[in-house]
Amino acid sequence: MVDKVKVNINGNDYFVPENYTILKAAEENGIDIPTLCYEEGLPITGACRMCVVEVRGARKLMAACATQVSDGMEVLTESERVVEARREILRLLIANHDLRCLTCERNGDCRLQDYCYRYKVEDTPYKGEVKDFKIITDNPFFIRDYSKCIKCGKCVSICAEVNGAHVYEFINRGFDTKVTSAFDDPLPETTCTFCGMCINVCPVAALVEKSTLWKGRPWEVKKVTTTCSYCGVGCQLKLKVKDNTIIGVAADKSGSNLGHLCSKGQFGWDYVHSKDRLTHPLIKREGEFVRVTWEEALNYIAGRFKDILSQWGGRALAGLSSAKCTNEENYLFQKFMRVVLQTNNIDHCARL
Amino acid sequence: MKKEILVCQGSACVSSQSRDVYDALESELKVRGLEEKYSLKPTGCHGFCEQGPIVLIEPEGYFYCQVKDKQVPKLVDCLQEGSVYEELLYKSSETQEPLKTRNEIPFYQKQKRLVLQNCGLIDPESIDDYINSGGYSSLQKVLSMEPDEVIKEVKDSGVRGRGGGGFPTGDKWYYGRQPQADKKYIICNAEESDPGAFIDRSILECDPHRVLEGMLTAGYAIGACEGFVYIRSEYPLAVKRIYSAISQALEKGYLGKNIMNSGFDFDVQIKQGAGAFVCGEETALIESIQGNSGMPRPRPPYPAEKGLWDRPTIVNNVETLSNIPIIFDKGASQYARIGTQQSKGTKIFALTGKIRHTGLVEVPMGITLREIIFEIGGGIKDDKKFKAVQIGGPSGGCLSEGYLDFPVDYDSLIDAGAMMGSGGLVVLDESTCIVELARYFLSFTRMEACGKCTPCREGNTRLLEILQRIIEGEGKMEDLDRLETLSRNIIDTSLCGLGQSAPNPVLTTLQNFRGEYEKHVKERKCPAGVCQALLSYKIIQENCKGCGICMKHCPAGAITGEKNQPHNIDADVCAKCGECVDKCPFGAIVPG
Ligand SMILES: Cc1cc2nc3c(=O)[nH]c(=O)nc-3n(C[C@H](O)[C@H](O)[C@H](O)COP(=O)(O)O)c2cc1C
Ligand code: SF4
Ligand code: SF4
Ligand code: SF4
Ligand code: FES
């Protein structure tokens, strides 16, 4: 059992586990602290400084995401000093950002915009050097538009810590810092597995799926939670649907995959709208596939099973299951084969 | 006693050809068959580097400066005669009297050389020299004490970190001792990233065993068996000497298993850094040892709790560790008599800039800036006027004349908006433009920042752009307020000490020299005559003889005038190159 400590946030006392950060303590008590580089489940880097709060007795502002609570701590999350600091950080970020929001793919779904709105940052007084990069389109799945990157480092972390591919790093130093692949190499030449998790954590439009480009504004896109049909893990994901057509995939953190996906779940959904896709059962009659009803098809299969079983016995039957099935489905499958069809000839496609 | 000829082989003397002097002495002694009679030894630095190469004759203590290899035969003549080679002695700048020994020279008189006590006097590559001068005796004492007693002694001494922050070393060790862990580490921070400082380098080059002894004590105190020396690879001589110290200490049983039969084991490894300013910051340094890029981590957790490979780790600066043997030699209470109430012991400064005597000086805490600059440093060069002193490295503060009688200790410096930092002390005279100075330091820290956190990465660039505008004559009065608020925000919100201090030069120059900023902005003038874009030249009519030389040399054709009549400069055409000022034989052209 973790001990609880008393923390005062904005004048109210709360009792929270002592291993909580200020951010978590606030979040659980309905107090919203803005964050750009924090992502649950990823290492805390304390890079963006958006979450700074005033802690009584501390000389400097503290990052709420990186600071653990302690008993008797007094925190102000929206004091004048805090708000002014956040506004300054936003002014600095937009001073070095491609601000063409009108046509930005993340317009309306962008943390940078949200916080500028929340803190009434309409413009920046800092008119100086702006980093301007060409959009990189080096792979079939997503673009990298580093003129929009705010260097939160979340893509670096998720790729290294969750995927293990270690594709991205901070390169160069100081103002010239850029978050990209080693030596800025094209992604197909790196260890990238195109899982796309990086695009899902990016808080701005620096990493965007190609399939969504110019396909609709974020508010026109419906997000439909579903289960990935590729493998037995059964990852949860959200299909981005516009006019009844899938245009992309967003992370869904409710399932056991915690929002993490592989390249198939993230990018392998185009079969859904394929014209070649089978949409009803077929039976081959006189060398031709003929469309039938499900009932007809299942009756036909059951009949053939029975015939073979009575004529040749269970050893004449074999079952091959699919990696797309869940463990439970595979269990039922082998049970059915053994008990009903009386055979031990059971195998799985993953052994092929 | 056999006469000793000690030839400095510190980096600065080596660069002024002290190796040649050493070689010449060696062959001269051989030719004359005197090798047995005199002992010739390489030593580390005396700190008086501008006077190098330095040769010291013991036991007389004759202190020869700027020795050249061709002077060696005469030097050996003098040795044999028992006389002094007068031309090689340092001459008092006031009386021109030659001064025979080191202690007669004003540069050394106000110093208190404790940490540097062996520097220049022992052979840094000989462990026996170190032992003979009392080395490793404090370790012996330490190993007979309980670790908690060792920590208490360090606490009682009041010694604070010399790496910049000034954190009490005893407290740090106490925090490192508390956690239970399968492994703990001691890291000696020898990154010395401040470009003007060469203190840690000198200690490692002159007296590397002192640093090892400090590390061993720290290791014993917190229960660590492994240490790292993180040193920049641009310090090849220091690297070589610490390597050789480690192998000698291993051989003699001061490192390795069961040290001095105490049951205590300790090993030291060297990790060479690539020389990034930010890698001196302890968490970035730890990342670098772990093989990652040098980006600071948020603190807390502090390294004492979770450091190298997440184990409790004590990071201490070279100079801090070098103080440790002194504390145990003298005893904490004796040690605590040196310095001020809150800052104990001595501090070494790298004295540079527009000052007569530059070099390394070790002074008791609490000494005034005036004493350092005017007594030890001999005042401003070329009889110019003192203007400011930048103390604490590139992210320290720039103090004006009003602070000259301020005591130099951790807390007074912070109160003044500066900091002890790494011990860099750059003295500036009236020919320095304060805005340009702030721009210069900021351009360094901006380039050296790791780029991880927003305020430092983006903010320092904007500060720099504003300063650049002011220098180019395009500043506005609002810019001065912007500089101030943005600086305060960067300090308040940055992740690590680099961002939290980088704007210091801007803030302190604004605070101490606001008038000079205003002149740049309101009058478009640079009082020091440094900012090119703000310069204008005029010809003093009374002094001009109308010789026409300036007109001939002006590449822009901005000067007009009749022969033998006073000439004039057309400010709109003038390219501000200053060529005419140099060429006028009558000194008639002046900025203004
Ligand atoms: C940007 C930056 C650079 C630093 N560089 C150095 C350095 O070169 N050497 C050093 O000893 N400490 C340096 N420090 C301080 C270290 O982080 C750390 O506090 C120090 O090594 C602790 O040792 P001490 O307690 O003995 O002073 C630096 C700190 C910052 C923020
Ligand atoms: S797609 Fe996956 S593997 Fe590739 S860079 Fe992004 S997170 Fe890393
Ligand atoms: S690409 Fe996106 S996720 Fe990666 S650092 Fe930039 S803003 Fe952050
Ligand atoms: S303050 Fe500067 S050096 Fe330190 S983490 Fe931030 S960007 Fe890096
Ligand atoms: S969210 Fe805390 S520093 Fe970025």
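Protein sequences, first through last, are from chains A and B.
Per this note's numbering, the very first residue in the first sequence carries number 212; after that it's consecutive.
Per this note's numbering, the very first residue in the second sequence carries number 2; after that it's consecutive.
The C-beta atom is built at its ideal place from N, Cα and C for all residues, glycine as well.
This structure is a prediction, so every number in the text was calculated from the model and none was measured.
Residue of the options minimising C-alpha distance to residue i
| i | options | result |
| --- | --- | --- |
| I458 of chain A | A:A529, A:C413, A:Y482 | A:Y482 |
| L313 of chain A | A:D558, A:A306, A:A416 | A:A416 |
| K215 of chain A | A:D282, A:E238, A:I244, A:Y249 | A:D282 |
| P351 of chain A | A:C403, A:K331, A:K434 | A:C403 |
| I467 of chain B | B:N119, B:N318, B:H521, B:K4 | B:H521 |
| L493 of chain A | A:T256, A:G524, A:V503 | A:V503 |
| C280 of chain B | B:G292, B:Q270, B:K564 | B:G292 |
| R20 of chain B | B:G53, B:G425, B:H210 | B:G53 |
| G385 of chain A | B:G34, B:E449, B:K101 | B:E449 |
| K69 of chain B | B:V22, B:S40, B:A534, B:L57 | B:V22 |
| D183 of chain B | B:I381, B:E227, B:W174 | B:E227 |
| V390 of chain A | A:C370, A:C439, A:R428 | A:C370 |
8 angstroms Cβ cutoff, residue i in contact with chain A
| i | result |
| --- | --- |
| G281 of chain B | no |
| T284 of chain B | no |
| R357 of chain B | no |
| Q181 of chain B | no |
| G418 of chain B | no |
| E29 of chain B | no |
Secondary structure of residue i, DSSP reduced to three states
| i | result |
| --- | --- |
| T402 of chain A | coil |
| Q469 of chain B | helix |
| P245 of chain A | coil |
| Q72 of chain B | helix |
| C439 of chain A | coil |
| F229 of chain B | strand |
| Y328 of chain A | helix |
| L563 of chain A | In this prediction, L563 of chain A scores a pLDDT of 48, lower than 50, which makes its location untrustworthy; no coordinate-derived value is stated. |
| D430 of chain B | strand |
| N318 of chain B | strand |
| V1 of chain B | One cannot answer for residue 1 of chain B here, as it falls past the ends of chain B, which runs 2 to 593. |
| S538 of chain B | This sequence places Tyr at residue 538 of chain B; Ser is not what is there. Strand at Y538 of chain B. |
| M146 of chain B | coil |
| K426 of chain A | coil |
| V22 of chain B | helix |
| S392 of chain A | strand |
| V85 of chain B | coil |
| I123 of chain B | coil |
Residues near residue i by beta carbon distance below 8 angstroms, same chain, minus five either side
| i | result |
| --- | --- |
| R292 of chain A | E265, L272 |
| T388 of chain A | K362, F381, I382 |
Cross-chain neighbours of residue i in chain B, by beta carbon under 8 angstroms
| i | result |
| --- | --- |
| R260 of chain A | C454, T455, P456, T494, S495, L496 |
| F381 of chain A | S294, M296, C451, G452, K453 |
Test: residue i CB closer than 8 angstroms to a CB of chain B
| i | result |
| --- | --- |
| L563 of chain A | Caution applies to L563 of chain A, whose pLDDT of 48 falls short of 50 and renders its modelled position unreliable; the value that the coordinates give is listed next. It does not; no Cβ of chain B falls within 8 angstroms. |
| Y231 of chain A | no |
| F386 of chain A | yes |
| L303 of chain A | yes |
| Y330 of chain A | no |
| N307 of chain A | yes |
| K426 of chain A | no |
| K217 of chain A | no |
Cβ neighbours of residue i in the same chain (closer than 6 angstroms, five flanking residues each side left out)
| i | result |
| --- | --- |
| A337 of chain B | S158, G159, K345 |
| I392 of chain B | A419, L426 |
| I541 of chain B | A589 |
| G422 of chain B | G165, G393, G394, G397 |
Contacts that residue i makes with chain B (C-beta to C-beta distance below 7 angstroms)
| i | result |
| --- | --- |
| A274 of chain A | P299 |
| P492 of chain A | Near P492 of chain A there are no residues of chain B at all, since even the closest Cβ is about 56 angstroms away, more than 7 angstroms. |
| P336 of chain A | R483 |
Under 7 angstroms from the C-beta of residue i: neighbouring residues of chain A
| i | result |
| --- | --- |
| E473 of chain B | Ordered by position in chain A, no residue passes the 7 angstroms Cβ test against E473 of chain B, which lies about 13 angstroms from the chain. |
| R447 of chain B | G385, F386 |
Nonlocal neighbours in the same chain, by C-beta distance under 7 angstroms from residue i, ignoring five residues either side
| i | result |
| --- | --- |
| G452 of chain B | R458 |
| D583 of chain B | none |
| P180 of chain B | E306, P313 |
Within chain D, the residues that residue i reaches when beta carbons sit closer than 7 angstroms
| i | result |
| --- | --- |
| A450 of chain B | Included in the structure are the protein chains A and B, with no chain D among them. |
Residue i: contacting residues in chain A (beta-carbon distance under 9 angstroms)
| i | result |
| --- | --- |
| Q512 of chain B | Chain A residues near Q512 of chain B: none, gap ~18 angstroms exceeds 9 angstroms. |
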